[in-house]
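Chemist:
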DNA sequence: ATTAGATTGGGGAAAAGTGGGGAATTGAGG
DNA sequence: CCTCAATTCCCCACTTTTCCCCAATCTAAT
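Residue numbers (our numbering), protein chains in the order written: chain A, 970 to 1112; chain B, 970 to 1112.
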């Protein structure tokens, strides 16, 4: 299970060191995709496989389902670890997520999220203020 | 599985380099044809065979199904790789997809799509705006 | 303080992408 | 039947990017 929040640097080749703690869970390969709210998601290959299968099964005849599948599948990318435990993020994903130099890697149970540090802080500040309200909403959802 | 997005150039002979990562999945031969939304689809021969069979089975009584099957089947063309891993796109397919110099090759699970870069960016921009709404709709479908 | 484990940065070798020349093939016209 | 022109295909060479390895720095724990 992935938990915790880490701050790492991207070097000027677009490489990002994945926290050592997470690496063994990603040994079998990993996939990065566009996530929600301008972050990137990093899935173990197995988890991704299930998601991809569902996406590929969406009806091609519906324009919106088609568009969604295209964004998700084309936006995804296999990543491999170098001998130092780093992954290389393709330019288009760095652009999508506004990643510059400082990045935050957050563990979210079954996946990792990668954020530009500034966006992360801004998002977190906003979310913390709303925590109480969110908690109430969640209560009604049975959490 | 094909995933990822690549930007490559067509040269003035209509040749396009297929990303190295995808080549081995296309070793057994490949077929290009007209795709949806003005792109081209590139299938491994095996996948194409199955699709062609489905197309041939469409009810001939429906004019639209008939037109669709005709476009896909008649537009299809075997492609071969040269020693640099490039394929040559016939002129009529380049025209159909408005391919000029810059092309995007997108991996979509069981096939590749080839887009004119400008059309791809426009399509993506349009689709991203709807992403959240689509994601919610799909959530209710169990994706 | 020393050692071990992690992160960061960079240099060099290898692979991938790009463009173009020229031979081989094809087809039309003399 | 032969010639010429146009197209296709094969190969070579250049450029750019990626990948792999080495080394320095930093943190934490003994």
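Every residue gets a Cβ at the ideal spot worked out from N, C-alpha and C, and that includes glycine.
Fair warning: this is a prediction, and the values are worked out from it, not measured in the lab.
How would you call residue 1002/B, buried or exposed, if buried means at least 16 neighbouring beta carbons within 10 angstroms?
Modeler: buried
Chemist: Whole angstroms is fine: what's the gap from residue 1058/A's alpha carbon to residue 1023/B's?
Modeler: 38 Å
Chemist: Under 8 Å Cβ-Cβ, which residues of chain A neighbour residue 972/B?
Modeler: 1000, 1021, 1042, 1043, 1045, 1046, 1047
Chemist: Within a Cβ cutoff of 7 Å, which residues of the same chain sit near residue 970/A, ignoring the five residues on either side of it in sequence?
Modeler: Within its own chain, the residues whose Cβ lies closer than 7 Å to the Cβ of residue 970/A, once the five positions on either side in sequence are excluded, are 1078, listed in chain order.
Chemist: Is residue 1097/A close to chain B, meaning its C-beta is less than 8 Å from at least one C-beta of that chain?
Modeler: no
Chemist: Counting only the same chain and skipping the five closest in sequence on each side, list residues whose C-beta sits under 8 Å from that of residue 1091/A.
Modeler: none
Chemist: Residues of chain B with CB closer than 9 Å to the CB of residue 1029/A, please, in chain order.
Modeler: 1005
Chemist: Compute the distance between the beta-carbons of residue 1074/B and residue 988/B, then report whether it is under 8 Å.
Modeler: yes
Chemist: Give every residue of the same chain whose Cβ lies closer than 6 Å to the Cβ of residue 1157/A, excluding the five residues on either side of it in the sequence, and list them in chain order.
Modeler: The question about residue 1157/A has no answer, for chain A in this structure spans 970 to 1112.
Chemist: Is there a C-beta anywhere in chain A that falls below 8 Å from the one on residue 982/B?
Modeler: With respect to chain A, the C-beta atom of residue 982/B has no partner C-beta closer than 8 Å.
Chemist: Nearest-angstrom Cα distance between residue 1038/B and residue 1105/A?
Modeler: 53 Å
Chemist: How many whole angstroms separate the CB atoms of residue 1009/A and residue 1067/A, which I take to be in contact at a CB cut-off of 8 Å?
Modeler: Contact flag wrong, Cβ pair sits at about 10 Å.
Chemist: What is the DSSP secondary structure of residue 1076/B, counted as helix, strand or coil?
Modeler: strand
Chemist: Rounded to whole angstroms, what's the CA-CA distance from residue 1103/A to residue 1094/A? Just pull it up for me.
Modeler: When rounded, the distance between both Cα atoms is 14 Å.
Chemist: Between the Cα of residue 1045/B and the Cα atoms of 1080/B, 1006/B, 1017/B, 1030/B, which residue gives the shortest distance?
Modeler: 1017/B
Chemist: Along the chain, which unbroken stretches of the beta strand (DSSP E) at least 3 residues long are found entirely within the stretch 1016-1090 of chain A?
Modeler: 1046-1048, 1055-1057, 1071-1078, 1080-1085
Chemist: Give the secondary structure of residue 978/A by DSSP, where H, G and I count as helix, E and B as strand, and everything else as coil.
Modeler: Strand at residue 978/A.
Chemist: Go through its chain and collect everything with a Cβ distance to residue 1006/A's Cβ below 7 Å, but skip five positions before and after it.
Modeler: Around residue 1006/A: 1092.
Chemist: Check whether the Cβ atoms of residue 1011/A and residue 999/A lie closer than 8 Å to each other.
Modeler: In contact: residue 1011/A and residue 999/A (Cβ atoms closer than 8 Å).
Chemist: For a test of the three-state rule: what should DSSP assign to residue 997/A, helix, strand or coil?
Modeler: Here residue 997/A sits in coil by DSSP.
Chemist: Would you mind giving the Cβ-Cβ distance between residue 1004/A and residue 1063/A, rounded to the nearest angstrom? I have them listed as a contact below 8 Å.
Modeler: About 13 Å separates the CB atoms of residue 1004/A and residue 1063/A; that is not less than 8 Å, and the two are not in contact.
Chemist: Can residue 976/A and residue 1086/A be called in contact, C-beta distance under 8 Å?
Modeler: yes
Chemist: Which of the three DSSP states is assigned to residue 1095/A in this structure?
Modeler: helix
Chemist: Specify, as a first and last residue, the run of the beta strand (DSSP E) that residue 1005/A falls within.
Modeler: Looking at the DSSP string, residue 1005/A is not in any beta strand (DSSP E), and its letter there is neither H nor E.
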